[in-house]
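Take a look at the structure set out below.
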Amino acid sequence: MSLSTSLITKSPPLPSSITLVKQPIIRQSSIPIQSMMVTQIHSILDNIDSVLDKIQAQANSFIVGCGPAGIAAAIDLQAVSQLKFIVFEARNRVGGRVSTDTTIFGINTSIDLGAQWLHHYRPENPLRPSI
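The numbers in this note's numbering rise by one with no breaks, and the one at position 122 of the sequence shown is 128.
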């Protein structure tokens, strides 16, 4: 039996409408495996619902990423409003693509990684004269 791409949505949809697309990874599959996959997907969606409910109770704004732009957005949002917000970061550190590594060459020598090009080549950019 060939699996076709199917669209699975949890009902009722959340305000952000969680949608999961199941790709046909397995070419030949039996009905019980398909049913098990659907059951697991619904279990995952139930867990997402409970996590989102807890998050939405704590904040009404969200910032994705704790790189320079995310940090700047959080500082600006905190300065101009009383909104509660949460910053989400996938890594175990802040800084986005900017980081310092002390393990490559030893503890007394550090190397800066990431941020190897500058955006916004505008006159007000303080680093423009050095480019």
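Every residue gets a Cβ at the ideal spot worked out from N, C-alpha and C, and that includes glycine.
Status (buried if at least 16 other CB within 10 Å, exposed otherwise) for residue i
| i | result |
| --- | --- |
| glycine 120 | exposed |
| methionine 7 | Caution applies to methionine 7, whose pLDDT of 37 falls short of 50 and renders its modelled position unreliable; the value that the coordinates give is listed next. Looking at its Cβ environment, which holds fewer than 16 other Cβ atoms inside 10 Å, methionine 7 is exposed. |
Beta-ladder partner(s) of residue i, from DSSP
| i | result |
| --- | --- |
| phenylalanine 68 | Ile92 |
| leucine 119 | Ser105 |
Nearest-angstrom beta carbon gap, residue j and residue i [assumed within contact, 8 Å]
| i | j | result |
| --- | --- | --- |
| glutamine 64 | isoleucine 92 | 7 Å |
| glycine 102 | proline 132 | Incorrect: roughly 19 Å between the Cβ atoms, too far for contact. |
Beta-carbon proximity list for residue i, same chain, < 7 Å, skipping 5 on both sides
| i | result |
| --- | --- |
| phenylalanine 111 | Ile117 |
| isoleucine 31 | Unreliable positioning characterises isoleucine 31 in this predicted model, as indicated by a pLDDT of 45, which lies under 50. The coordinate reading is nonetheless provided below. Cβ neighbours of isoleucine 31 beyond the five flanking positions: none. |
| serine 17 | Residue confidence for serine 17 is low, a pLDDT of 38 falling below 50, so the modelled location carries little weight and cannot support an answer. |
Contact under 7 Å by Cβ, residue i with residue j
| i | j | result |
| --- | --- | --- |
| serine 67 | leucine 89 | yes |
| alanine 85 | isoleucine 69 | no |
| cysteine 72 | valine 100 | yes |
Own chain partners of residue i with C-beta closer than 8 Å, once the 5 adjacent residues on each side are dropped
| i | result |
| --- | --- |
| valine 135 | The sequence shown places proline at residue 135, rather than the valine named in the question. Same-chain partners within the cutoff: there are none. |
Other residues of its chain near residue i: CB distance less than 6 Å, five sequence neighbours each side excluded
| i | result |
| --- | --- |
| threonine 1 | An answer regarding residue 1 cannot be provided, because it is not within the stretch 7 to 137 covered by the chain. |
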